[in-house]
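Following this line, the structure appears as structure tokens:
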């Protein structure tokens, strides 16, 4: 009985934690509104440029300012300050805002993914709220950087029926070097090709470096609470060091736990479910760097050298930028090791095959909730021999418990003899004292890996648990929660449909409301069970209570009076 109470108390406590978590997410204050497309530059942002370890020879010493130094020569077109205009680009999967100051992508909206707090809105990955932007520029003399004013041919681009579109921004240096920043967007793709094109109209060869960087502040994501913390920060991958996380605190302390110079790899900014990654082409020399720009503002990027450009010649360098969901299938195609941004920690070796199996079951079941249930049952079936052995061992231990108690009483003052007697008893009964624990310990890493798969898979984000667009094996059906009362579900469905009609485009599956309802229902039932366990009712004593007998007699007398009255009025 005590064990049942303990289990029910644990479940009840966990339910309260889930309810509290849902309440926090539902009632947290909305983020401060920021004007879309606002330039990222501000008075507290550093304006120094990243410095390559090997500066271009033709433009030294001005080519490589030291960290923290302000460029001594004004940017071309006299535009290193002020607000530029915004160029909007719309494709079938993203909406991007590009500032003419530096040609930075200052806002990126993902059309196929909804906001965490308001599911009527699309998720915004790059945003002024977090000062999160993709920037690029050139290092060398008066070449344009991410503070330079560019000009654009139009202020709006739409993909339409085309497969790709190019946004071209141009600037010219006082020395006559024409620079174009070209951003290429493609249908159905989260990859943006960022290209620097230089035309040297001077009389001497030109050598320069191009840099591509991601900037962000250290502000936490909405919904990221103490009970559900995920990694937000930079990561660098190379064949030498493999996958290395670089947190904001590491950047603050000047730590660089990665190989700076390489000819492979990528650099990324990671947050829960989504990632932005700079992926230079394989074989291209590059230098990785991280920097603190201001209080709570950081950047990480890649410096790529350009081949010398002769007088009258043209040079180009292009680096892809991926900004989208952590979709393993897409990331594996883009670059080696990029799928590691879906971080399962030290249990990746177990979590990766579990996720593959979950995807395979989902293809058959058509619903992630059903797939999770089937996967859990399958894992339990695989571990059934271990579980059975554990149960048998515990049963044998329970059988010899009285003899163990006698031994403890007999050798209460001699621990050595007690241990010897217990080992002889175990040997006689062929019992392994750890036989009940070891099988359970073996299973723990697998279920922890399953937990991280469910926590980190973007495919499960906002996916309905009990409802599906198509039923198992392609049939059209609706899955209802097992054991749910029809009245409760009907009222919940009515509430959800009313909410959907009141807010245009609102997601029909309001997870916070559904979770709150389910947890309250579970908490009420568990509370009733605990109350009955804690205060059992003696029905015989209640029946014999004087007040109870008096109420029964009054009820009987009232019934008799009613019957007599009915007979008197009968014809």
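In our numbering, the protein residues as written are 5 to 575.
The beta-carbon is built from N, C-alpha and C at its ideal position, and this holds for glycine as well.
| field | Nearest to residue 88 (by Cα), restricted to the options 166, 151 and 220 | value | One-based indexing of the chain shown puts residue 88 at position 84. Nearest C-alpha to residue 88 among 166, 151 and 220: 151.
| field | Own chain partners of residue 48 with C-beta closer than 6 Å, once the 5 adjacent residues on each side are dropped | value | Along the chain shown, read from residue 1 onward, the residue named residue 48 stands at position 44. Only weak support is given to the placement of residue 48: the predicted model assigns it a pLDDT of 41, under 50, and the question is left unresolved by the model.
| Neighbourhood of residue 462 by C-beta, 6 Å cutoff - its chain only, sequence neighbours within 5 removed | Start at 1 with the first residue of the chain shown, and residue 462 comes out as number 458. Non-local beta-carbon contacts of residue 462 in its own chain, meaning distances under 6 Å to residues more than five positions away in sequence, involve 277, 329 and 330 in chain order.
| Would the beta-carbon of residue 379 fall within 8 Å of that of residue 362? | Counting from 1 along the chain shown, the entry for residue 379 is found at position 375. Counting from 1 along the chain shown, the entry for residue 362 is found at position 358. In this structure, residue 362 lies closer than 8 Å to residue 379 by Cβ.
| Considering only the beta carbon of each residue, do residue 355 and residue 456 sit closer than 8 Å? | The residue you call residue 355 lines up with position 351 of the chain shown. The residue you call residue 456 lines up with position 452 of the chain shown. Taking 8 Å as the Cβ cut-off, residue 355 and residue 456 qualify as a contacting pair.
| field | Distance between residue 222 and residue 236 (C-alpha atoms, nearest Å) | value | The residue you call residue 236 lines up with position 232 of the chain shown. The residue you call residue 222 lines up with position 218 of the chain shown. As the crow flies, the alpha-carbon of residue 236 is around 8 Å from that of residue 222.
| query | With C-beta atoms as the reference, is residue 170 less than 8 Å away from residue 184? | reply | The count along the chain shown starts at 1 and reaches residue 170 at position 166. The count along the chain shown starts at 1 and reaches residue 184 at position 180. The Cβ-Cβ distance between residue 170 and residue 184 does not fall below 8 Å.
| message | Taking the alpha-carbon of residue 300 as reference, which of 136, 113 and 121 has the nearest alpha-carbon? | response | The residue labelled residue 300 in the question sits at position 296 within the chain shown. It is 136 whose Cα lies nearest to the Cα of residue 300.
| task | Please report how far the alpha carbon of residue 371 lies from the alpha carbon of residue 350, in whole angstroms. | result | Looking up residue 371 in the chain shown gives position 367. Looking up residue 350 in the chain shown gives position 346. Roughly 28 Å between the two C-alpha positions.
| task | For residue 119, collect the residues of the same chain with a Cβ closer than 6 Å to its Cβ; drop the 5 residues on either side in sequence, then sort them by chain order. | result | Residue mapping note: residue 119 aligns to position 115 of the chain shown, counting from 1. Around residue 119: 125 and 127.
| request: Sort 163, 292 and 441 by Cα distance to residue 399 and report the nearest one. | output: Within the chain shown, residue 399 is the residue found at index 395, counting from 1. For residue 399, the closest C-alpha among the options 163, 292 and 441 is that of 441.
| query | Thinking C-beta only, is residue 200 closer than 8 Å to residue 91? | reply | What you label residue 91 is simply residue 87 of the chain shown in a count that begins at 1. What you label residue 200 is simply residue 196 of the chain shown in a count that begins at 1. Cβ distance not < 8 Å, so residue 91 and residue 200 don't count as in contact.
| query | In the DSSP assignment, what are the bridge partners of residue 197? | reply | Here residue 197 refers to the residue found at position 193 of the chain shown. Residue 197 pairs with 188 and 324.
| Given residue 234 as reference, the closest of 436, 423 and 226 once Cα atoms are compared | Within the chain shown, numbered from 1, the residue matching residue 234 stands at position 230. Each of 436, 423 and 226 was checked against the Cα of residue 234, and the nearest Cα belongs to 226.
| task | Please confirm whether residue 280 and residue 100 have their CB atoms less than 8 Å apart. | result | The residue you call residue 280 lines up with position 276 of the chain shown. The residue you call residue 100 lines up with position 96 of the chain shown. Result no, Cβ atoms of residue 280 and residue 100 do not sit closer than 8 Å.
| task | Using only alpha-carbon positions, find the residue among 212, 168, 179 and 204 that is nearest to residue 191. | result | Residue 191 sits at position 187 when you count from the first residue of the chain shown. Checked all of 212, 168, 179 and 204; the closest Cα to residue 191 is 168.
| message | In the DSSP assignment, the beta strand (DSSP E) including residue 141 goes from what residue to what residue? | response | Numbered from 1 along the chain shown, position 137 holds the residue referred to as residue 141. Annotation: the continuous beta strand (DSSP E) that includes residue 141 extends over 137-143.
| request: Verify whether the separation of the beta carbon atoms of residue 198 and residue 187 is less than 8 Å. | output: The residue given as residue 198 occupies position 194 in the chain shown. The residue given as residue 187 occupies position 183 in the chain shown. Between residue 198 and residue 187, the C-beta gap is smaller than 8 Å, which places the two residues in contact.
| request: Would you check if the distance between the CB atom of residue 2 and the CB atom of residue 303 is smaller than 8 Å? | output: Beyond the ends of the chain as shown, which are 5 and 575, falls residue 2; an answer cannot be given.
| Where residue 587 and residue 266 are concerned, what is the direct C-alpha to C-alpha distance, given to the nearest angstrom? | Summary: the structure shown does not reach residue 587, with the chain confined to residues 5 through 575, and so no result is reported for it.
| query | Is residue 347 helix, strand or coil by DSSP? | reply | In the chain shown, counting from the first residue as 1, residue 347 sits at position 343. For residue 347, the three-state secondary structure derived from DSSP is coil.
| request: Over the uninterrupted beta strand (DSSP E) stretch that includes residue 90, give me the two end residues. | output: As a working mapping, residue 90 is identified with position 86 in the chain shown. For residue 90, the enclosing beta strand (DSSP E) stretches over residues 90-94.
| How close, in whole Å, do the beta carbons of residue 247 and residue 341 come, if the pair is a contact with beta carbons under 8 Å? | Within the chain shown, the letter at position 243 stands for residue 247. Within the chain shown, the letter at position 337 stands for residue 341. The C-beta distance from residue 247 to residue 341 rounds to 6 Å, short enough to meet the 8 Å contact threshold.
| Counting along the chain, where does the beta strand (DSSP E) carrying residue 275 start and finish? | Along the chain shown, one-based indexing puts residue 275 at 271. Looking at the DSSP string, the run of the beta strand (DSSP E) that includes residue 275 is 270-275.
| query | Where do the N-terminal and C-terminal ends of the alpha helix (DSSP H) with residue 451 fall, by residue? | reply | Taking the chain shown and counting its residues from 1, one reaches residue 451 at position 447. That run of the alpha helix (DSSP H) goes 442-460.
| task | Can you tell me the Cβ-Cβ gap for residue 204 and residue 316, rounded? I've got them flagged as a contact below 8 Å. | result | As a first step, residue 204 must be located in the chain shown, where it is residue number 200. As a first step, residue 316 must be located in the chain shown, where it is residue number 312. Approximately 7 Å separates the beta-carbon atoms of residue 204 and residue 316; this is inside 8 Å, confirming the contact.
| field | Pairwise C-alpha distance: residue 468 and residue 497 | value | What you label residue 497 is simply residue 493 of the chain shown in a count that begins at 1. What you label residue 468 is simply residue 464 of the chain shown in a count that begins at 1. Only weak support is given to the placement of residue 497: the predicted model assigns it a pLDDT of 43, under 50, and the value that follows is read from those uncertain coordinates. Distance between the alpha carbons of residue 497 and residue 468: 13 Å.
| Any idea if residue 345 is buried or exposed, counting beta-carbon neighbours within 10 angstroms, 16 or more meaning buried? | On the chain shown, position 341 is the one that residue 345 refers to. Around the beta-carbon of residue 345, 16 or more other beta-carbon atoms lie within 10 Å, marking it buried.
| request: Report all residues from its chain with a CB closer than 6 Å to the CB of residue 17; omit the five preceding and five following residues, and keep chain order. | output: Position 13 of the chain shown, counted from the first residue, corresponds to residue 17. The beta carbon of residue 17 is closer than 6 Å to none in its chain, skipping five residues each way along the sequence.
| field | Complete alpha helix (DSSP H) runs within the stretch 409-440 (minimum length 4 residues, chain order) | value | You should have 419-433.
| residue 294 - containing beta strand (DSSP E), residue span | If you number the chain shown from 1, residue 294 lands on position 290. Start and end: 290-298.
| query | Three-state secondary structure (DSSP) at residue 134? | reply | Here the question's residue 134 lines up with position 130 in the chain shown. Residue 134 sits in a helix when the DSSP states are folded into three classes.
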